[in-house]
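J.: Attaching a single structure in structure tokens format; questions to follow.
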Amino acid sequence: MLKIAIPTVAGPFLACYSTQGLARLDFPQPSRQNNPETASADLSAPAQKWHAATTRALKQILSGQPPDALPPLDLSVGTEFQKRVWHALCQIPIGKTQSYAQIAAAIGQPKATRAVGSACGANPIPVLIPCHRVLAAHQRLGGFSGGLDWKRKLLAREGIEFAG
DNA sequence: AGCCAGTCTCGGA
DNA sequence: TCCGAGACTGGCT
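Residues in the first sequence are numbered consecutively from 1003, following the numbering used here.
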């Protein structure tokens, strides 16, 4: 697994690439300054391509634009249920939101709203998999594993209104 | 506005 | 296995 930072206006995100594609993306973490990271020159040829696509997509999303291309995502770590949820999240267009109940209904298990919340929290690739576009019922903010500030910030960038 | 039970998945004991 | 905890909901007070 190759780890490499992606500098953005919001700070350095940390991307991890497996042999299948982008395996995870972490929000900037202030305390991790000197951890060993792969230099971009050490990435395999396909990984360099993925890295370019990831960087581009990330910056586009952070500036409120829809990404024109995403790298392949390696979601093999998740359970079947989680993969279904993550896939459903990818269907939400930028600037729109869905509720946990709507996601649950979309994957055919309308009562699994709470489980959907758990799956969102377990999402290894926030931002690219738009977990921030999922709100609780009646446009309430709900929660966010990376911190509610991030959720508010990302939603604001997409021009989304929410309660509270 | 706040409390409560119903519901489903996941991870640890 | 079993059990408890969640980024939830809808109904009731």
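Note that beta-carbon positions come from the ideal geometry of N, C-alpha and C, so glycine has one too.
#1: So, is arginine 1135 buried or exposed, given that buried needs 16 or more other C-beta atoms within 10 angstroms?
#2: Examine the Cβ distances between the stretch 1092–1100 and the stretch 1147–1163 and report whether three or more of them are shorter than 8 Å.
#3: Does the Cβ-Cβ distance between proline 1128 and leucine 1091 come in under 7 Å?
#4: In whole angstroms, what separates the C-alpha of proline 1048 from that of glutamine 1141?
#5: Looking at aspartate 1076: is its Cβ nearer than 7 Å to the Cβ of serine 1120?
#6: Which stretch, first to last residue, makes up the alpha helix (DSSP H) that contains phenylalanine 1083?
#7: State the CB to CB distance for the pair leucine 1060 and phenylalanine 1015, rounded to an integer number of angstroms; the pair is presumed to be in contact (CB under 8 Å).
#8: Starting from alanine 1171, trace the alpha helix (DSSP H) in both directions and tell me its first and last residue.
#9: Assign serine 1147 to one of three DSSP states: helix, strand, or coil.
#10: Going straight from the alpha carbon of valine 1087 to that of threonine 1040, what length do you get?
#11: Starting from leucine 1060, trace the alpha helix (DSSP H) both ways and give me its first and last residue.
#12: Tell me the residue span of the alpha helix (DSSP H) that contains isoleucine 1105.
T.: The short version:
#1: Within the first sequence, numbered from 1, the residue matching residue 1135 stands at position 133. Buried, by the Cβ-count rule.
#2: yes
#3: The residue you call residue 1128 lines up with position 126 of the first sequence. The residue you call residue 1091 lines up with position 89 of the first sequence. No, the pair does not count as a contact, with Cβ atoms beyond the cut-off.
#4: By 1-based counting over the first sequence, the position of residue 1048 is 46. By 1-based counting over the first sequence, the position of residue 1141 is 139. Near 40 Å, if we compare the C-alpha coordinates of glutamine 1141 and proline 1048.
#5: In the first sequence, the residue the question calls residue 1076 occupies position 74. In the first sequence, the residue the question calls residue 1120 occupies position 118. Not a contact, by the Cβ cut-off of 7 Å.
#6: To locate residue 1083, count along the first sequence from 1; it is residue 81. Element bounds for phenylalanine 1083: 1082–1092.
#7: For the purposes of this step, residue 1060 is taken as the residue at position 58 of the first sequence. For the purposes of this step, residue 1015 is taken as the residue at position 13 of the first sequence. Contact holds; Cβ gap of about 6 Å.
#8: As shown, the chain starts at 1003 and ends at 1166. That puts residue 1171 outside it, with no answer to give.
#9: On the first sequence, residue 1147 is found 145 positions in, with the first residue counted as 1. It is coil, neither helix nor strand.
#10: For the purposes of this step, residue 1087 is taken as the residue at position 85 of the first sequence. For the purposes of this step, residue 1040 is taken as the residue at position 38 of the first sequence. C-alpha separation (whole angstroms): 31 Å.
#11: Taking the first sequence and counting its residues from 1, one reaches residue 1060 at position 58. Counting along the chain, the alpha helix (DSSP H) containing leucine 1060 begins and ends at 1047–1064.
#12: Residue numbering aside, residue 1105 sits at position 103 when the first sequence is read from its first letter. Its alpha helix (DSSP H) spans residues 1102–1108.
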